[in-house]
Amino acid sequence: MSISNDSSTKVLAKGIAVVAFLFMLHSGYSAREYLLYSKSIGRQNLSLPIEIVLECLGALVVMTIAIIAGVGELKPISYEAEMKRYSVDGIYSRPSFQVFNHRGRYLRPLKAVGSATAK
């Protein structure tokens with residue numbers, strides 16, 4: 000099964016995913032209404048009908064397939080593939096690595112400004 004990654008396929012997949020999500024909301028609402036009705040008539044067996052369970056599971060499967068089909072081409076997550084985009088100079092020259100207020104000034108005494116050391 001070949002899935003093309005053009006925009007119409009992505010829009011169709013998103014539409015199917017939205018419809019499947021609405022079916023999941025409907026199955027949740029139906030389950031809540033069924034449980035409230037069962038409690039109100041005093042029924043002790045509170046298991047859900049098979050129709051509600053199948054609606055929820057079917058919507059989950061359809062939504063999962065639609066989301067996977069609509070994602071498009073996945074990017075590689077390997078370290079090597081990511082580092083091919085950068086050079087060593089580009090990695091370590093970011094402004095976040097430049098620290099101007101560090102403890103180096105406390106490790107050696109400051110020289111007096113304008114004083115001559117010649118005797």
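Residues in the sequence shown are numbered consecutively from 0, following numbering that gives the first Met the number 0. From the three backbone atoms N, C-alpha and C, an ideal C-beta is built for every residue, glycine too.
Next on the checklist: Please identify the residue among G27, V70 and K74 whose C-alpha is closest to the C-alpha of S7.
Outcome noted: V70
Checklist entry - Who are the near neighbours of L47 in its chain, counting only those whose CB is closer than 6 Å to its CB and skipping five residues on each side? => result A30
Item to check | Sequence ranges, alpha helix (DSSP H) only - wholly within the segment 7-41, length at least 4 | outcome: With a minimum length of 4 residues, no continuous alpha helix (DSSP H) run stays inside the segment 7-41.
Item to check | Three-pair Cβ contact test at 8 Å for the segment 47-65 versus the segment 18-34 | outcome: yes
Item to check | Spatial neighbours of C55 in its chain, beta-carbon cut-off 7 Å, leaving aside the 5 residues before and after | outcome: M23 and S26
Checklist entry - With 16 other CB atoms within 10 Å as the buried threshold, where does I80 fall? => result Reading the sequence as shown, one finds Ala at residue 80 and not Ile. By the 10 Å Cβ count, A80 comes out exposed.
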